[in-house]
Amino acid sequence: MGKININEFTLEELEEYIESIGEKKFHAKQIFKWIHKIGVVSFDEMTDISKKLRDKLKESTYILNMEIIKCQSSKKDGTMKFLIKLLDGCAIESVFMVYNHGNTLCVSTQVGCKMGCKFCASTKDGFERSLSASEIEGQILTVERYTNKKISNVVYMGIGEPLDNYDNVVKSIRIINHPFGLNIGARHISLSTCGIVPNIYRLADENIQCTLSISLHATTDEKRQSIMPIANRYNIEELLNACKDYIKKTGRRISFEYALISGKNDSYEDAMELVRLLRGMIAHVNLIPVNEIKEKEYKKANERSIEKFMNTLNSCGIVTTVRRELGSDIDAACGQLRKKYIDNKKDCQKL
Ligand code: SAH
36 MGKININEFT LEELEEYIES IGEKKFHAKQ IFKWIHKIGV VSFDEMTDIS KKLRDKLKES
96 TYILNMEIIK CQSSKKDGTM KFLIKLLDGC AIESVFMVYN HGNTLCVSTQ VGCKMGCKFC
156 ASTKDGFERS LSASEIEGQI LTVERYTNKK ISNVVYMGIG EPLDNYDNVV KSIRIINHPF
216 GLNIGARHIS LSTCGIVPNI YRLADENIQC TLSISLHATT DEKRQSIMPI ANRYNIEELL
276 NACKDYIKKT GRRISFEYAL ISGKNDSYED AMELVRLLRG MIAHVNLIPV NEIKEKEYKK
336 ANERSIEKFM NTLNSCGIVT TVRRELGSDI DAACGQLRKK YIDNKKDCQK L
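According to this note's numbering, the sequence shown is numbered sequentially starting from 36.
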């Protein structure tokens with residue numbers, strides 16, 4: 036039988052496991068802290084655990100340690116983009132960003148993505164598999180070890196659709212949140228979804244209180260369907276009703292992401308329609324100048340039209356900001372580094 040990945044246990048599961056191997060339950064807390072708070076990668080670093088117990092753990096379990104294949108650092112703003120290798124050889128991306136409010140890590144939740152959004156690089160090569168909770172949390176541990184910097188905010192906005200990997204994502208939030216672990220408060224965790232409506236309702240009932248971001252990107256069902264296949268499953272009205280439920284149950288403001296694509300969704304009429312849709316909701320709009328990716332035809336809206344769009348929303352009382360473009364010199368937009376890696380691998384195979 037293969038060894039167990041000890042990082043995958045919640046504290047309660049670890050307690051059960053430690054008891055099942057005939058040891059005292061309190062050791063679970065010590066081990067959990069070593070793994071998730073301190074971030075050790077070897078049992079021998081657990082100095083308050085007896086050698087006998089360490090040996091026992093080594094025999095039956097392993098500590099997840101993921102390898103960094105590549106790190107690109109932006110010379111402009113300190114953004115660092117990591118290509119991380121999972122134990123089965125799959126690769127994912129995490130992006131480290133420096134903001135005034137603290138260091139932020141953007142984590143992936145899946146290898147590839149099924150959602151098929153027309154403008155997104157992550158979905159271009161299809162879907163491989165979902166990440167486990169420890170692979171999601173492990174991105175933070177890996178990057179903290181590498182940079183020697185503390186991460187205080189986590190955004191679930193990397194490769195994959197978090198609500199298409201619901202159980203593992205929720206489990207990872209609970210582990211990241213845990214006082215004996217990284218202890219990152221739920222209010223410092225944002226989860227972004229393209230809008231899997233039933234799971235927005237489920238998330239509202241989890242009692243987690245993380246910030247929810249909705250990738251809206253269009254104001255009519257027809258336009259949304261033309262760029263996001265998920266819009267064929269759930270219309271905007273159903274999506275916004277789920278958002279209202281989330282606000283009601285959690286008291287948290289929702290952030291709507293809107294990637295401005297030139298000539299597609301950046302007109303005055305689009306802005307006014309967005310005002311109509313969001314009026315009365317506790318919401319915030321985050322405008323993203325669309326990142327142009329090689330294979331896709333969408334063009335970035337120009338600066339003037341972005342500003343006009345923002346001013347229209349703000350003057351109608353919808354709080355709107357434009358997302359700073361961090362790491363523009365290092366392919367920091369979603370999925371672009373992994374895509375290059377896959378393309379290179381394909382090229383190698385061809386040789
Ligand atoms: N699957 C989730 C989270 C990952 S993407 C979601 O859809 O929300 C994080 C954000 O980046 C989403 O709002 C996504 O729509 C946006 N995004 C993806 N590709 C982009 C691009 N080329 N330009 C601008 N934003 C993009």
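Backbone N, C-alpha and C fix where the C-beta goes; we use that ideal spot for every residue, glycine too.
This one's a predicted model, so the numbers in the text were calculated from it and none came from an experiment.
CB-CB under 6 Å to S261, same chain, minus the five flanking residues each way: which ones, in chain order? There are no such residues.
*Between the CA atoms of S248 and T255 - distance to the nearest angstrom*: When rounded, the separation of the alpha-carbon atoms in T255 and S248 is 18 Å.
* To do: Measure the alpha-carbon distance for P264 versus D378 and round it to whole angstroms.
  => Computed Cα separation, rounded: 24 Å.
- Pull up the distance between the alpha-carbon of C245 and that of M192, whole angstroms please. Those two C-alpha atoms are separated by around 13 Å.
Check: On the three-state DSSP scale, how would you describe I219?
Finding: Coil, per DSSP.
query = Do we get a CB-CB distance below 8 Å when we pair L92 with the residues of chain B?
reply = No chain B is present in this structure, which holds just one protein chain.
Q | Exposure label - I73; buried when at least 16 CB within 10 Å | A | By the 10 Å Cβ count, I73 comes out exposed.
Please return the same chain residues whose Cβ sits closer than 7 Å to the Cβ of C383, not counting the five positions on each side in sequence.
Below a pLDDT of 50, predicted positions are generally treated as unreliable, and C383, at 38, falls in that range; the measurement from the model is reported next regardless. Contacts found: none.
(message) Which same chain residues end up closer than 7 Å to S187 when comparing Cβ atoms and leaving out the 5 residues on each side of it in sequence?
(response) Only G137, N138, I219 and H223 meet the Cβ criterion.
- Query: At a cut of 8 Å, does the stretch 201-212 reach the stretch 148-156 through at least three beta carbon pairs?
  - Reply: The count of Cβ pairs closer than 8 Å, one atom from the stretch 201-212 and one from the stretch 148-156, stays below three, leaving the stretches out of contact.
Element boundaries [beta strand (DSSP E), containing S108] | Looking at the DSSP string, the run of the beta strand (DSSP E) that includes S108 is E102 to S108.
Does the Cβ of C278 lie closer than 7 Å to at least one heavy atom of the ligand SAH?
For C278, the Cβ stays outside the 7 Å cut-off from all heavy atoms of the ligand SAH.
Close Cβ partners of A306 (< 7 Å) along its chain, the five nearest in sequence each way excluded: Answer for A306: F344, T347 and L348, listed in chain order.
Using C-beta distances below 6 Å, list every residue in its chain close to I355, excluding the 5 sequence neighbours before and after it, in chain order. According to the sequence displayed, residue 355 carries Thr and not Ile. Contacts found: V320, M345, L348 and N349.
Comparing C-alpha positions only, which one of R311, F215, R209 and P197 sits nearest to G230? Among R311, F215, R209 and P197, the Cα nearest to that of G230 is on P197.
Where T114 falls, given that 16 or more other Cβ within 10 Å makes a residue buried | So T114 counts as buried.
#### Entry: N-terminal and C-terminal residue of the alpha helix (DSSP H) that I278 is part of
First, the residue type needs correcting, since residue 278 is Cys and not Ile in the sequence shown. Counting along the chain, the alpha helix (DSSP H) containing C278 begins and ends at I271 to T285.
- From K105 to G286, what distance separates their C-alpha atoms? Cα to Cα, K105 sits roughly 40 Å from G286.
Original post:
Under the three-state reduction of DSSP, which class applies to M36: helix, strand or coil?
Top reply: Here DSSP, grouped into helix, strand and coil, assigns M36 to coil.
With H, G and I counted as helix, E and B as strand and the rest as coil, what does DSSP make of Q244?
Coil at Q244, not helix or strand.
So the beta strand (DSSP E) T254 belongs to, where does it begin and stop?
-> Here T254 belongs to no beta strand (DSSP E), and DSSP marks it neither H nor E.
What are the boundary residues of the alpha helix (DSSP H) that includes H136?
Unbroken run through H136: none, as it is neither H nor E.
So, for S95: in the same chain, excluding its five sequence neighbours on each side, which residues have a beta-carbon less than 8 Å away from its beta-carbon? The residues K38, I39 and I56, in chain order, have a CB closer than 8 Å to that of S95 in the same chain once the five nearest residues on each side in sequence are set aside.
Look at the alpha carbon of A336 and the alpha carbon of S297, and state the distance between them as a whole number of angstroms. The alpha-carbon atoms of A336 and S297 are separated by roughly 4 Å.
_Span of the alpha helix (DSSP H), counted from its first residue to its last, around N234_ = For N234, the enclosing alpha helix (DSSP H) covers residues V232 to A239.
Distance cut-off 7 Å: F154 Cβ against heavy atoms of the ligand ATP
The ligand content of the structure shown is limited to the ligand SAH, which means the ligand ATP is not among them.
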